[in-house]
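Read the structure below first, then the notes.
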Amino acid sequence: MNILLIRPNPGNVRFGLGPFFRVEPLGLEYVGAAVRRAGHDVTLIDERFDGGAATWVRRTRPGVVGIAAMHALEYDQVLRLAGTVRAASPEAFIVVGGHAAAAFPAPLQTPAVDALCMADGEQVFPALVAGIERRQSLLDVPGLRVRTPEGWIRSASPVERPALDLVPLPDRDLVRRYRPKYHCLQLKPVWLLETARGCPYRCSFCSVWQLYERSFRERSIGAVVDDFATVGDNVFVVDDLFWNHPARSLELARALIKKGIRKHGMLVQSRPDLVARHAELLEAWRPLAKYFDIFFGLEGSSDAALEGVSKDATVDQSAEAAAVARNFLDLLKGRLEAAGVPEVQTR
Numbered sequence: 050m051n052i053l054l055i056r057p058n059p060g061n062v063r064f065g066l067g068p069f070f071r072v073e074p075l076g077l078e079y080v081g082a083a084v085r086r087a088g089h090d091v092t093l094i095d096e097r098f099d100g101g102a103a104t105w106v107r108r109t110r111p112g113v114v115g116i117a118a119m120h121a122l123e124y125d126q127v128l129r130l131a132g133t134v135r136a137a138s139p140e141a142f143i144v145v146g147g148h149a150a151a152a153f154p155a156p157l158q159t160p161a162v163d164a165l166c167m168a169d170g171e172q173v174f175p176a177l178v179a180g181i182e183r184r185q186s187l188l189d190v191p192g193l194r195v196r197t198p199e200g201w202i203r204s205a206s207p208v209e210r211p212a213l214d215l216v217p218l219p220d221r222d223l224v225r226r227y228r229p230k231y232h233c234l235q236l237k238p239v240w241l242l243e244t245a246r247g248c249p250y251r252c253s254f255c256s257v258w259q260l261y262e263r264s265f266r267e268r269s270i271g272a273v274v275d276d277f278a279t280v281g282d283n284v285f286v287v288d289d290l291f292w293n294h295p296a297r298s299l300e301l302a303r304a305l306i307k308k309g310i311r312k313h314g315m316l317v318q319s320r321p322d323l324v325a326r327h328a329e330l331l332e333a334w335r336p337l338a339k340y341f342d343i344f345f346g347l348e349g350s351s352d353a354a355l356e357g358v359s360k361d362a363t364v365d366q367s368a369e370a371a372a373v374a375r376n377f378l379d380l381l382k383g384r385l386e387a388a389g390v391p392e393v394q395t396r
């Protein structure tokens, strides 16, 4: 079957981090790899650089079209795109997936959409395509919300999430023509890479732990090293919680050094309290890139504010993490990035 995967143009490039981040649709690359493994033909278009979705629909004649919903503020563009696809190919099956779709599905439950993916796409999407080919009830395919004559109905949840080593690595060839345009801060072109998925914490402002039910899965050291070796010279490690297991993180750093892997630029995301407790992590990872950036979430300037968002950390730990980072990152060789949310009041 022909499969068309689309990353919509969000419409407002000035929203949030939009001006600084134009990165590849890694989730769609994972889905594309899984569907290709099942023997299907896959085309991926990135509407941010390649408009004319209707033309691509007519050219590829897809049986299934997958649309990524990265943020709820992009829903208007997601639904616009779904309507365009529906008009160009009324017979195509349209499914929307992504973190936002799984967390806030109701606004997407419209006649322009046939199903929503509520779990890991590389697990659900191939099963969905197989179900369509077999003409079975899609309510028998776990991990979906399906539009039916009786309304939108949730199918069963997947029995369990597979170990990450069983998940095919993303098919980056699907976005080869867009690669020169992908950038992240000063890193251009940039490659996204994932070593682990999920988060065991329960910060109230974050949906990651809810979507993954506080699970945390890691790829094996060997698989991660191989992935590092295949990507380019600028890497954004998209783990929501990098370095969660310090011993494994130190082992991975040693394995990368032994393999002779060193990048021009690297960006990671981690918790300040974790770095405050384990300064050896930065010491081990700093030599792996000429320019090394860290995103910390500094969500409050008081312990009460942090408690109000269930951060399970303290302001002193944030300050200690900043001091640790500054010992290894200077204005010429790296940066310390911080993101926060407005202060909250607690009684």
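Throughout the sequence shown, residue numbering follows the working numbering, covering 50 to 396 in sequence. Backbone N, C-alpha and C fix where the C-beta goes; we use that ideal spot for every residue, glycine too. All figures in this text were calculated on a predicted structure; none of them were measured in a lab.
Residue burial annotation: residue 215 is exposed, with fewer than 16 other C-beta atoms found within 10 angstroms of its C-beta. The segment 52-123 contains, as complete alpha helix (DSSP H) runs of 4+ residues, the segments 75-86, 102-109 (chain order). Counting only the Cα atoms, residue 151 lies some 7 Å from residue 168. Here the alpha carbon of residue 126 sits roughly 31 Å from the alpha carbon of residue 264. Rounded to whole angstroms, residue 55 and residue 95 show a C-alpha spacing of 6 Å.
In the three-state reduction of the DSSP assignment, residue 202 falls in the strand class, which pools E and B. Excluding the 5 residues flanking it on each side, residue 281 has same chain C-beta neighbours closer than 7 Å at 238, 240, in chain order.
At a Cβ-Cβ threshold of 8 Å, residue 141 and residue 114 count as neighbours.
Taking a cut-off of 8 Å for Cβ pairs, the segment 195-208 and the segment 154-167 touch, as three or more such pairs fall below it.
The beta carbon of residue 72 lies closer than 8 Å to those of 231, 232, 233, 239, 241, 285 in the same chain, with the five residues before and after it left out. Annotated three-state conformation of residue 317 is strand, per DSSP.
If you check the CB distance, residue 362 and residue 295 do not come in under 8 Å. For residue 283, the enclosing beta strand (DSSP E) stretches over residues 283-286. The segment 132-141 makes contact with the segment 101-118, as at least three CB pairs between them are under 8 Å. Given a length threshold of 4 residues, each whole run of the alpha helix (DSSP H) inside the segment 125-210 is given here in chain order: 148-152, 170-183.
Taking the Cα positions, residue 206 is about 24 Å away from residue 112. Here the C-alpha atom of residue 89 lies approximately 16 Å from the C-alpha atom of residue 144.
Annotation for residue 356: the continuous alpha helix (DSSP H) segment containing it runs 352-357. Boundaries of the alpha helix (DSSP H) harbouring residue 375: 364-377, taken from the DSSP string. By the Cβ-count criterion, residue 253 is exposed, with fewer than 16 other Cβ atoms from all chains shown falling within 10 Å of its own Cβ. Between the C-alpha atoms of residue 306 and residue 183 there is a straight-line separation of about 48 Å. Residue pairing by DSSP places residue 233 opposite 70, 236 in a beta bridge.
Here residue 229 has 238 as same chain residues with Cβ atoms under 6 Å from its own Cβ, once five neighbours each way along the sequence are excluded. Under DSSP, the beta-bridge partners assigned to residue 242 are 286. Take the alpha-carbon of residue 287 and the one of residue 343: they are about 11 Å apart. Residue burial is scored here from C-beta neighbours: residue 318 has at least 16 other C-beta atoms within 10 angstroms and is therefore classed as buried. Here residue 174 is buried: its Cβ has 16 or more other Cβ atoms, across all protein chains shown, within 10 Å. Residue 366 counts as buried, since no fewer than 16 other beta carbons sit within 10 angstroms of its beta carbon.
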